[in-house]
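K.L.:
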Amino acid sequence: MGCEPLAGGRRELVHVHEVEVSLGGRTVLRDVDFRIAEGEFVGLIGTNGSGKTTLLRVVLGLQATTAGEVLVAGREGRRGGPIGYVPQRVAFDHDVPVRVADFVALGVDGTRLGLARRDRGVHERVEEVLASLELGALAGRRLGALSGGEQQRVLMAHALVSRPRLLLLDEPLANLDLPRVHETIAVLDRICRAEGVAVVLSAHEISPLVPVMDRVVYIAHGRVACGTTDEVVRPEVLSALYGHHVDVLNVHGRVVVVEGEPGDPGTHPEVVVR
Amino acid sequence: MIHWFVEPGFWSNPVVGTALVLGAVVAVVSAAVGVMVVVRGQSFAGHALTDVAMAGGAGASLVGASPLVGFLLAGIVGGGSIEAAGAERIRDRDVGTGVVLGAAAGLTALFLYFVSSSTSATGSTQSVLFGSVFTVSPSVVPLSLAVAAATLATLFIVRRPLLLSSLSPELAAARGVRPRAMGLLFVLVLAASVALSALVIGAILSTALLVGPAFAALRVARGLVGATLGAIVAGVAAVELGILLSYDSFYWSAAHRSVPVSACVVGVVLVEVAASAVWSRLRRGRGR
């Protein structure tokens, strides 16, 4: 199921057209079709194993497709494009003495070969990004000495320091407590609105993202549905996506997506929408 | 006062002079490469390459070639094999390294058997295993210096993408770096470093010079640049002090039997590692 970019003169930034991906002989993405405009905040929502990480890797140019086309800023998906990436998990060794500021600077010159020293502009940009994410006090600390939440923010700084037009985050809200979840979303929303960076954030729960999301790309069984929350999180749309009946229930002001017929032993709440 | 520590003839002996210069150069290369070995978690690969170097050195002795050439050629083939055997996952890399290590140990045993039964290669076994910095041929020095310069230059040129791919291959790939290419390049740099240190302190103990000073410096330093400089200072100190101790040991007993340079160097390295452990513990105790 495809969808058009938002109206309002925004230019298309990501174009994913009829993409199919097979891993080990198994098709994990099929007929994936969506577009993302500049400055959009998009939630990539799906359960564990639904193909979210694979789809992000396709956009990054890290995962080859078996069919279809991926364009980022009008060019075929390739490594090193105008994309900032925050992977799901990076385990930094506690004993490796790489300082936060030096790691973030690698987001600018980490691909650069040569003998030249790091120029002053890079240092200034690193300071600017660290300050914007309220990480200035951590600039001289070792990466491995930081908490998980702090490391995640440092990864965001690393992704943003090169002024990307698109920021991809793979499950950044997993393992965060609720106040940290809201804090992280607020920071990303500010970056998206203030700097015009398109944000694509993958998550298995949609609730905390609803207030800030322009659109949702909902992924299930390797297929996607795209649109606003109201357009996508509907029984008929999700039933078509899952290939069988799905209910969307309103429980105490929250919407629960239930896979399977009521009374079916296989029924379980899958996604909660506020 | 210095004459209390330095026996007569140390400074004027040209063999000692060559050993001090070559030893310092090798220590600088080993330390700089060693820091990245520890950061990348490739100490096992470093150790395997010393066994590969042993096979190369023994093979070179067998055919009458320079040990350094044998160390280098074997290291390049062995390092390439380690990367080719599997670099996507740490477990695959370890298995690949283990296979190469086993093959190298077998070849070393075979070559050393032939070498030891050959009268024309007397002393080669000790030279390959324990180094020969006091007996190194002057003709090897220019090649050693050239290999050292090329190794350091390569490491310095690729330092940023190498560090990024060491910290996170996935992030590096997303930025456009090819982690496998970086891995192959680094293992060749590592092979060259091991070849040089095998020349000075022997193949068996070259892992100590590669990893020891780097490990000690990484424990003490706050940043990677500081750790690299600290490792270089610790490595050079270990080699130079080891050469001095080995030279002096000739005069320690009436029998006039020197302690091998390699044993002295490794002894100093162990003291440095122990001192860094104490320093690290004290710093943690102060909550810094």
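Here the protein sequences line up with chains L and S, keeping their order. If you read the first sequence in the working numbering, its first letter stands for residue 1360, the second for the next number, and so on. If you read the second sequence in the working numbering, its first letter stands for residue 63, the second for the next number, and so on. Don't be surprised by glycine CBs; every beta carbon is placed ideally from N, CA and C.
Name the chain S residues that come within less than 9 Å of L/VAL1449, Cβ to Cβ?
P.N.:
Within the first sequence, numbered from 1, the residue matching residue 1449 of chain L stands at position 90. Within 9 Å Cβ-Cβ: LEU229, SER230, GLU232, LEU233.
K.L.:
Here's the rule I'm using: 16 or more other beta-carbon atoms within 10 Å means buried, otherwise exposed. How should S/HIS109 be labelled?
P.N.:
The sequence position of residue 109 of chain S within the second sequence is 47, counting from 1. Per the 10 Å Cβ criterion, buried.
K.L.:
With three or more C-beta pairs closer than 8 Å as the rule, is the region 252-263 of chain S touching the region 209-216 of chain S?
P.N.:
The region 209-216 of chain S vs the region 252-263 of chain S: in contact.
K.L.:
Give me the residue from L/VAL1607, L/LEU1535, L/VAL1380 with the minimum Cα distance to L/ALA1428.
P.N.:
Your numbering for residue 1428 of chain L matches position 69 in the first sequence. The displayed chain sequence assigns Glu, not Ala, to residue 1428 of chain L. L/GLU1428 has its Cα closest to that of L/VAL1380, out of L/VAL1607, L/LEU1535, L/VAL1380.
K.L.:
Strictly under 8 Å for the Cβ-Cβ distance: is S/ILE294 near chain L by that measure?
P.N.:
As a first step, residue 294 of chain S must be located in the second sequence, where it is residue number 232. No, because no Cβ of chain L sits closer than 8 Å to the Cβ of S/ILE294.
K.L.:
Are the CB atoms of L/PRO1456 and S/LEU286 within a distance shorter than 8 Å?
P.N.:
The count along the second sequence starts at 1 and reaches residue 286 of chain S at position 224. The count along the first sequence starts at 1 and reaches residue 1456 of chain L at position 97. Their beta carbons are under 8 Å apart, which means S/LEU286 touches L/PRO1456 by this criterion.
K.L.:
Quick one, which residues of the region 1508-1542 of chain L are near chain S if we go by CB-CB under 9 Å, in chain order?
P.N.:
Cβ contacts with chain S: LEU1514, HIS1517, ALA1518, SER1521, LEU1527.
K.L.:
If L/LEU1382 and L/VAL1431 are in contact, beta carbons under 8 Å, what's the gap, nearest whole angstrom?
P.N.:
Counting from 1 along the first sequence, the entry for residue 1382 of chain L is found at position 23. Counting from 1 along the first sequence, the entry for residue 1431 of chain L is found at position 72. So it is not a contact: roughly 21 Å between Cβ atoms.
K.L.:
Can you pull the DSSP bridge partners for L/ARG1394?
P.N.:
In the first sequence, residue 1394 of chain L corresponds to position 35, counting from 1. DSSP, once it has assigned bridges, lists L/HIS1374 as partnering L/ARG1394.
K.L.:
Mark S/PHE218 as exposed unless 16 or more other C-beta atoms lie within 10 angstroms of its C-beta, in which case mark it buried.
P.N.:
Translated into positions along the second sequence, residue 218 of chain S becomes position 156. Result: exposed.
K.L.:
Check whether the Cβ atoms of L/GLY1555 and L/GLY1398 lie closer than 8 Å to each other.
P.N.:
The residue you call residue 1555 of chain L lines up with position 196 of the first sequence. The residue you call residue 1398 of chain L lines up with position 39 of the first sequence. Yes, the Cβ-Cβ distance between L/GLY1555 and L/GLY1398 is below 8 Å.
K.L.:
To the nearest whole angstrom, what separates the beta carbons of L/ARG1484 and L/VAL1459, a pair I think is in contact under 8 Å?
P.N.:
The residue given as residue 1484 of chain L occupies position 125 in the first sequence. The residue given as residue 1459 of chain L occupies position 100 in the first sequence. Contact flag wrong, Cβ pair sits at about 14 Å.
K.L.:
Answer with yes or no whether the minimum CB distance from L/ASP1392 to chain S is below 8 Å.
P.N.:
Position 33 of the first sequence holds residue 1392 of chain L. Closer than 8 Å: no.
K.L.:
Hey, is L/PHE1462's beta-carbon within less than 8 Å of any beta-carbon in chain S?
P.N.:
Residue 1462 of chain L sits at position 103 when you count from the first residue of the first sequence. Taking Cβ atoms only, chain S reaches closer than 8 Å to L/PHE1462, which makes this a yes.
K.L.:
In terms of alpha-carbon separation, which member of S/GLY297, S/GLY292, S/SER230 lies closest to S/GLY85?
P.N.:
Mapped onto the second sequence, residue 85 of chain S falls at position 23. The residue with the shortest Cα to Cα distance from S/GLY85 is S/GLY297.
K.L.:
Where S/GLY304 and S/VAL198 are concerned, what is the direct C-alpha to C-alpha distance, given to the nearest angstrom?
P.N.:
Residue mapping note: residue 304 of chain S aligns to position 242 of the second sequence, counting from 1. Residue mapping note: residue 198 of chain S aligns to position 136 of the second sequence, counting from 1. Using only the alpha carbons, I get a separation of about 16 Å.
K.L.:
L/THR1424 CB to nearest chain S CB: under 8 Å?
P.N.:
Position 65 of the first sequence holds residue 1424 of chain L. No, because no Cβ of chain S sits closer than 8 Å to the Cβ of L/THR1424.
K.L.:
Name the residue from S/PHE248, S/VAL90, S/ALA234 whose alpha carbon lies nearest to the alpha carbon of S/SER259.
P.N.:
As a position in the second sequence, residue 259 of chain S is number 197, starting the count at 1. Residue S/VAL90 is the option with its Cα nearest to S/SER259.
K.L.:
Would you tell me roughly how many angstroms separate the C-alpha atoms of L/VAL1467 and S/LEU344, rounded to the nearest one?
P.N.:
As a first step, residue 1467 of chain L must be located in the first sequence, where it is residue number 108. As a first step, residue 344 of chain S must be located in the second sequence, where it is residue number 282. The straight-line gap from Cα to Cα measures roughly 37 Å.
K.L.:
Hey, is L/LEU1372's beta-carbon within less than 8 Å of any beta-carbon in chain S?
P.N.:
By 1-based counting over the first sequence, the position of residue 1372 of chain L is 13. It does not: the Cβ of L/LEU1372 has no partner Cβ on chain S nearer than 8 Å.
K.L.:
Going by Cα to Cα distance, which pick from S/TRP314, S/ALA300, S/ALA316 is closest to S/LEU332?
P.N.:
As a position in the second sequence, residue 332 of chain S is number 270, starting the count at 1. Of S/TRP314, S/ALA300, S/ALA316, the residue nearest in Cα terms is S/ALA300.
K.L.:
Of all the residues that make up the region 210-230 of chain S, which are near chain L by a beta-carbon distance shorter than 8 Å?
P.N.:
Answer in chain order: PHE218, ILE219, VAL220, ARG222, PRO223, LEU225, LEU226, LEU229, SER230.
K.L.:
In this structure, does DSSP put L/SER1381 in helix, strand or coil?
P.N.:
Residue mapping note: residue 1381 of chain L aligns to position 22 of the first sequence, counting from 1. Looking at L/SER1381 - three-state DSSP - the assignment turns out to be strand.
K.L.:
Is it true that the region 1473-1492 of chain L meets the region 1509-1523 of chain L, where meeting means three or more beta-carbon pairs spaced less than 8 Å apart?
P.N.:
Taking 8 Å as the limit for Cβ pairs, the verdict is that the region 1509-1523 of chain L does touch the region 1473-1492 of chain L.
K.L.:
How would you call L/ASP1461, buried or exposed, if buried means at least 16 neighbouring beta carbons within 10 angstroms?
P.N.:
As a first step, residue 1461 of chain L is located in the first sequence; it is residue number 102 there, counting from the start. It counts as buried.
K.L.:
Let me see if you follow: with CB-CB separation under 8 Å, is L/PRO1456 close to chain S or not?
P.N.:
Along the first sequence, one-based indexing puts residue 1456 of chain L at 97. Yes, because at least one Cβ of chain S sits closer than 8 Å to the Cβ of L/PRO1456.
K.L.:
Counting along the chain, where does the beta strand (DSSP E) carrying L/VAL1401 start and finish?
P.N.:
Along the first sequence, read from residue 1 onward, the residue named residue 1401 of chain L stands at position 42. Element bounds for L/VAL1401: 1400-1404.
K.L.:
Taking its Cβ as the centre, do 16 or more other Cβ atoms sit within 10 Å of S/PHE67, making it buried, or is it exposed?
P.N.:
Residue 67 of chain S sits at position 5 when you count from the first residue of the second sequence. Exposed, because fewer than 16 other Cβ atoms sit within 10 Å of the Cβ of S/PHE67.
K.L.:
Nearest chain S C-beta to L/VAL1615 closer than 8 Å, yes or no?
P.N.:
Sequence index remark: in the first sequence, residue 1615 of chain L carries index 256 (1-based). Cβ-Cβ to chain S under 8 Å: no for L/VAL1615.
K.L.:
May I have a chain-ordered list of the beta strand (DSSP E) segments no shorter than 3 residues that lie completely inside the region 199-281 of chain S?
P.N.:
Listed in chain order, nothing qualifies, since the region 199-281 of chain S has no complete beta strand (DSSP E) run of 3 or more residues.
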